[in-house]
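What follows is a single structure, written as structure tokens, with notes after it.
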Amino acid sequence: MIRIFVADDHALIREGFKKLIDNEMGMKVIGEAEDGYQVINFIQTNDCDVLVLDISMPGKNGLELLKELKILNPKLKVLILTIHPEERFAIRALKAGASGYLTKVSAPKELVKAIQKVYNGGKYVSPSLAEKLASNLDMDRERIGHEALSDREFEVLRLIASGKPLADIADELSLSQSTVNTYRSRILQKMNLRSNADIIHYAIRHNLLD
131 MIRIFVADDH
141 ALIREGFKKL
151 IDNEMGMKVI
161 GEAEDGYQVI
171 NFIQTNDCDV
181 LVLDISMPGK
191 NGLELLKELK
201 ILNPKLKVLI
211 LTIHPEERFA
221 IRALKAGASG
231 YLTKVSAPKE
241 LVKAIQKVYN
251 GGKYVSPSLA
261 EKLASNLDMD
271 RERIGHEALS
281 DREFEVLRLI
291 ASGKPLADIA
301 DELSLSQSTV
311 NTYRSRILQK
321 MNLRSNADII
331 HYAIRHNLLD
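Note that the numbering used here has the sequence shown beginning at 131, numbered continuously upward.
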């Protein structure tokens, strides 16, 4: 029996997921969470075979939550199930320790297949993401740029691209404005960009905004 814990801040998604799993032999949902803190509390005191995790939930940044979970339980198998397109977070999530990445537009059968593969110790990505990973060496320099950013730098890039002032970004991330400005400088340098306008145009071209 594959014991599954599902974490998503939308109750309808959790209910739909449980109904899907209830119809599958050999699988059982043993618990659920609606924010990052509930996930951590569960993992600290319980065990599951596969954690199905939405990367965007209240309480904690998705990638930071994933890293924290892997520290708490290095053997934890995490399947990311999210609305975010693959080009936005998939590679970062896999590098942070996820065992698989699926978008919520995936077919139910693909989700079941992904859970089974992750449970058996494999890695699961969609055919389209597998193609992107295989052609990674052929990526243009511009795309390599944002993938070379740290997770925090990438987060700041997305917030700048959304039009938020540095002061607001500092408040949202609980950082000083000078620290945010330092991240901005690193982003511009690493990606060979010159201004916030360049960051915005880049983010739009590469589908990095919600």
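For each residue, glycine too, the CB sits at the ideal point set by N, CA and C. Owing to the predicted nature of the structure, the values given are computational and were not obtained by experimental measurement.
Going by C-alpha distance, which of the options is nearest residue i?
i           : options               : result
residue 142 : 155, 164 and 173      : 164
residue 180 : 291, 246, 226 and 305 : 246
residue 282 : 251, 207 and 192      : 192
residue 187 : 144, 326 and 152      : 144
residue 337 : 214, 279, 240 and 325 : 214
residue 303 : 286, 316, 325 and 177 : 286
residue 327 : 305, 137, 298 and 289 : 289
residue 133 : 293, 249, 325 and 335 : 249
residue 154 : 240, 170, 189 and 168 : 240
Rounded to the nearest angstrom, how far is the Cβ of residue i from that of residue j, given a contact under 8 Å?
i           : j           : result
residue 135 : residue 161 : 5 Å
residue 182 : residue 209 : 5 Å
residue 231 : residue 216 : 7 Å
residue 220 : residue 242 : At roughly 20 Å, the Cβ-Cβ gap does not stay under 8 Å, so residue 220 and residue 242 are not in contact.
residue 227 : residue 195 : Contact doesn't hold; Cβ gap of about 11 Å is too wide.
residue 332 : residue 323 : 7 Å
residue 238 : residue 305 : Not really, about 41 Å apart at Cβ, beyond 8 Å.
residue 184 : residue 137 : 6 Å
residue 279 : residue 234 : The Cβ separation is near 25 Å, so there is no contact.
Is it the case that the Cβ atoms of residue i and residue j are separated by a distance below 8 Å?
i           : j           : result
residue 211 : residue 173 : no
residue 372 : residue 329 : The requested residue 372 is not part of the displayed model; the chain covers only 131 to 340.
residue 318 : residue 307 : no
residue 200 : residue 206 : yes
residue 148 : residue 131 : no
Classify residue i: buried if its beta carbon has 16 or more other beta carbons within 10 angstroms, exposed otherwise.
i           : result
residue 222 : buried
residue 339 : exposed
residue 276 : buried
residue 229 : buried
residue 140 : exposed
Every unbroken beta strand (DSSP E) inside the stretch 185-234 [3 residues or more] = 208-212 and 230-233
Considering only residues of the stretch 157-183, which uninterrupted alpha helix (DSSP H) runs meet the minimum length of 4 residues and lie entirely inside it, listed in chain order?
-> Qualifying alpha helix (DSSP H) stretches, in chain order: 166-175.
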